[in-house]
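In what follows, a structure is listed as structure tokens, so that the remarks can point back to it.
Here's what the structure looks like:
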């Protein structure tokens, strides 16, 4: 059920920055995905009520709290109960991290919430509470900003490329924390990004934006099985497989995941059987063999079919279909010739799989 | 000596009232000038800066005309309060407010403009209404600007001479201030007393500047000490 229904236009002079209908699901993460300048940030600001009256038109109706915006009326941002996190410079520099968090706690909205201590633990902020924002690294600042937004108990969390300025390690940490939050709180979130690999790690729904409009809205599961969509540039480097916990092997420190009829082993994760788990598969962590290798240090071999072959910067990208889902392998042109790969051919993929910390609902 | 203490009292009273009144009314005005996109600011900013460049005697002259009972404003004041504005402490205070306004407004506008809009957006979404934001985010972040504005206003009011001479006259306990008293001592060749007042003002101004330096530096150090 959609809990936010909007029709919005934002114009500055003769320039139209945004003109689109928009609907939001009442739970899970909705990614707004599109190139820079597509209007993603503008849409987020309009939802938060941060675009001045004279530039914005349209309506936003919340299924539970009524109108946020009509042609005559604009509800002040502080009354919308929204959490907002953007790229940088949002922590109050005159307050320590702890004081920043308390500031948000004192002004809590009525959305779902965790305790102060729980949030501090999830975002690893314990050692940083007494510090001032100026003394924090980029990743630490973003963790603190997200924690502050969540302690505020928002009804809806909006994130505008919160990881854009960060390195890979910091991004992974934060994505894990967000996945954790997602499983703990029934909090709808909107995540703006132009990085497909962030989107697949977090989103349940994806809304594509271009030139100020929503051009497509679909579940992540539907998009990741759409070959035309995922074989486009920049969506190839990593993919996800939606799996379920089928059992644990405590002696070996492993967890068994089920992907259709096949089994994948990952380092132990503490989740109950039949819980959904997202597996991140990076194309450089996949190698191909014509028949299963009996003795190998690689634990997981999946029976797949070649779904698509694409030449890519002197190498070949092989799109593999496995139990109805897709991921990529990047191999050399020489390997491609030696393996004599053709579309439709059965093949075995050896993968190193990373289970993303925590699952989300698979189909929204 | 007793006369000098009374004069000192008048000066301090004038400077304090001017600073407090400007802090109350000048601060929202400065906020509006710093943040509004209205075309009115384009007129108001140069208009409010005029006292910086005009000779004080020019301002004093026009104020004197305005205060006179022949003029609407002066007449209205006389009707309301039963006393004339010219050559009174209240008149002097009004003059000081006009003359010191830019010294308060300019540092505040600079300070307000330096606050990143993202911080205000963050405060809004965290649920802070306008007054809440003003006292918990805007003022603390403009602390240095506020300190400088208040000190400049105070010391400038203490040193004001031209306007005082035009509209205040030289009534002990009412409108005689330090700068006028100093002028009197020099005119009557009473250099010892002149030295006392002059050196006192130099000492006080120096103290004020050092205080600002110390307070503004101290805040900066507190925010960056984790980096060391």
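Chains as they are written, first to last, in the numbering used here: chain A, 1 to 364; chain B, 1001 to 1228.
Every residue, glycine too, gets a C-beta built ideally from N, C-alpha and C.
- Reducing DSSP to helix, strand and coil, say where residue 140 of chain A ends up. Annotated three-state conformation of residue 140 of chain A is helix, per DSSP.
- Query: residue 207 of chain A: which of A:16, A:44 and A:14 sits nearest, CA to CA?
  - Reply: A:44
- Task: Specify the secondary structure class of residue 1156 of chain B as computed by DSSP and reduced to three states.
- Result: Helix.
- Task: Quick one: using the 10 Å Cβ neighbour count with 16 as the cut-off for buried, is residue 1101 of chain B buried or exposed?
- Result: buried
- Query: Quick one, which of A:189, A:91, A:124 and A:67 has its alpha-carbon nearest residue 32 of chain A's?
  - Reply: A:189
- What residues of chain B sit near residue 48 of chain A, judged by a beta carbon separation below 7 Å? 1125
- Query: Leaving out the 5 sequence neighbours to the left and right, which residues in its chain are closer than 8 Å to residue 1212 of chain B when beta-carbon positions are compared?
  - Reply: 1147, 1148 and 1151
- Length of the line joining the Cα atoms of residue 1125 of chain B and residue 95 of chain A: 17 Å
- Query: When you compare each of B:1111, B:1199, B:1170 and B:1165 to residue 1143 of chain B by their alpha carbons, which one comes out closest?
  - Reply: B:1111
- Message: If you follow the alpha helix (DSSP H) that residue 311 of chain A is in, where does it begin and where does it stop?
- Response: Element bounds for residue 311 of chain A: not the alpha helix (DSSP H) but the beta strand (DSSP E), 300–312.
- Query: alpha helix (DSSP H) containing residue 1018 of chain B: first to last residue?
  - Reply: 1002–1035
- Continuous beta strand (DSSP E) stretch holding residue 343 of chain A: start and end: Segment: none, residue 343 of chain A is in no beta strand (DSSP E) and carries neither H nor E.
- Item | Span of the alpha helix (DSSP H) around residue 258 of chain A | Not the alpha helix (DSSP H): residue 258 of chain A falls in the beta strand (DSSP E), residues 254–259.
- Message: Assuming residue 1162 of chain B is part of the alpha helix (DSSP H), what are its boundary residues?
- Response: 1162–1167
- Is there a Cβ from chain B that is less than 8 Å from the Cβ of residue 84 of chain A? yes
- Among A:21, A:131 and A:121, which has the Cα closest to the Cα of residue 177 of chain A? A:121
- Message: Can you check whether the C-beta of residue 77 of chain A is within less than 8 Å of a C-beta belonging to chain B?
- Response: yes
- Task: Tell me whether residue 325 of chain A sits in a helix, a strand or coil according to DSSP, three-state version.
- Result: strand
- So what does DSSP say about residue 1143 of chain B, is it helix, strand or coil? Three-state result, residue 1143 of chain B: helix.
- Message: In whole angstroms, give me the CA-to-CA distance for residue 254 of chain A and residue 55 of chain A.
- Response: C-alpha separation (whole angstroms): 55 Å.
- What are the start and end residues of each continuous alpha helix (DSSP H) run of 4 or more residues lying completely inside the region 99–135 of chain A, in chain order? Taking only runs of at least 4 residues, the alpha helix (DSSP H) segments lying wholly in the region 99–135 of chain A are 116–122.
- Message: Tell me the residue span of the alpha helix (DSSP H) that contains residue 1108 of chain B.
- Response: Where residue 1108 of chain B is concerned, the enclosing alpha helix (DSSP H) stretches over 1089–1113.
- State the beta-bridge partners of residue 244 of chain A as determined by DSSP. A:258 and A:276
- Query: Would you say residue 152 of chain A faces chain B, with C-beta separation under 8 Å as the test?
  - Reply: Taking 8 Å as the threshold, the shortest C-beta distance from residue 152 of chain A to chain B falls below it.
- Message: Let me make sure I understand the geometry here. Which of B:1091, B:1132, B:1117 and B:1158 has the alpha-carbon closest to that of residue 1073 of chain B?
- Response: B:1091
- Determine the closest residue to residue 153 of chain A out of A:185, A:318, A:134 and A:125, with distance taken between C-alpha atoms. A:185
- Do three or more CB pairs link the region 1174–1194 of chain B to the region 1154–1162 of chain B at distances below 8 Å? Contact between the region 1174–1194 of chain B and the region 1154–1162 of chain B is present: three or more C-beta pairs spanning the two stretches fall below 8 Å.
- Compare the C-beta of residue 6 of chain A against all C-beta atoms of chain B and say whether one is closer than 8 Å. no
- Query: Per DSSP, what kind of secondary structure is residue 349 of chain A in: helix, strand or coil?
  - Reply: strand
- At least three beta-carbon pairs within less than 8 Å, the region 1126–1136 of chain B to the region 65–82 of chain A: yes
- Message: So that I know if they touch, is there some Cβ in chain A lying closer than 8 Å to that of residue 1224 of chain B?
- Response: For residue 1224 of chain B, the pLDDT reaches just 46, beneath the cut-off of 50, and the residue's location in the model is therefore unreliable, leaving the point undetermined.
- Message: For a test of the three-state rule: what should DSSP assign to residue 237 of chain A, helix, strand or coil?
- Response: coil
- Task: Go ahead and pull the three-state DSSP assignment for residue 362 of chain A.
- Result: Caution applies to residue 362 of chain A, whose pLDDT of 35 falls short of 50 and renders its modelled position unreliable; the value that the coordinates give is listed next. Coil at residue 362 of chain A, not helix or strand.
- Item | Other residues of its chain near residue 332 of chain A: CB distance less than 6 Å, five sequence neighbours each side excluded | 315
- Are at least three pairs of beta-carbons, each pair with one atom in the region 131–143 of chain A and one in the region 54–74 of chain A, less than 8 Å apart? no
- Query: By Cβ distance below 6 Å, which residues in the same chain neighbour residue 223 of chain A in space, the five residues on each side in sequence not counted?
  - Reply: 206 and 229
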